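In my numbering, the protein residues as written are 2 to 238.
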């Protein structure tokens with residue numbers, strides 16, 4: 002019988018998008034770009050998910066260039082990957098502010114082993130996107146930043162999410178990172194496809210670190226309160 006880790010690794014290995022994208026938008030697939038990534042990703046998931054225990058799903062927007070778009074692990078840059086998880090990807094070094102917040106929150110939750118024993122983090126689109134700025138610099142591009150892009154990957158999003166639910170996801174509640182467009186899109190998706198009983202929004206780590214950094218501790222505590230509440234509720238019933 003396959004473990005939760007086996008199912009995630011198989012998903013990562015198979016992850017691909019073969020459709021057409023709008024002009025000027027490129028897709029990021031770290032598993033195809035760097036063969037060392039899948040090896041480290043496999044070590045990560047075998048370290049924390051080598052069981053058949055159900056988890057609750059936390060969905061971000063889509064991988065960024067310095068987080069999952071590079072390492073293949075959501076909200077995990079190479080600094081946190083090595084410092085918090087004891088793993089590394091040879092020749093790769095990245096820093097992502099969202100990763101800083103997530104791992105501070107994970108520390109407050111009880112550490113990676115406890116957190117990943119309860120939750121699985123992914124994204125509405127498991128593959129990220131980039132475009133070029135006016136100066137020619139590569140920048141992150143979100144799936145909802147273009148109607149054409151959203152339409153182009155809609156079936157891909159549905160298929161990817163459906164497959165991830167088969168990992169062993171508790172479907173009573175899903176946590177959504179982002180209280181704006183990501184939450185709106187996921188809520189509409191959930192209304193149509195009934196993936197979860199409820200979608201609960203959490204402020205996005207990037208927004209917190211960029212605009213509300215002085216209130217970071219408040220948001221960490223808010224995350225912890227909401228994430229722990231589902232397990233307290235089950236213990237009370």
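Don't be surprised by glycine CBs; every beta carbon is placed ideally from N, CA and C.
The structure presented is a predicted model; accordingly, all values stated were derived computationally and were not measured.
The three-state reading of DSSP puts residue 205 in coil, since its state is none of H, G, I, E or B. When 221, 30, 227 and 231 are compared, the shortest CA-CA separation from residue 108 is found for 221.
For residue 229, the three-state secondary structure derived from DSSP is helix. Annotated as proximal: residue 174 and residue 201, with beta-carbon spacing under 7 Å. Bridge pairing for residue 171: 57 [DSSP]. The continuous stretches of alpha helix (DSSP H) do not include residue 133, which lies in the beta strand (DSSP E) extending over residues 129 to 133. Taking each of 113, 71 and 104 in turn and checking the Cα distance to residue 93, the smallest one comes out for 71.
Nearest to residue 180 by alpha-carbon distance, out of 54, 207, 106 and 163, is 207.
Here residue 120 is near residue 57, since their CB atoms are less than 7 Å apart.
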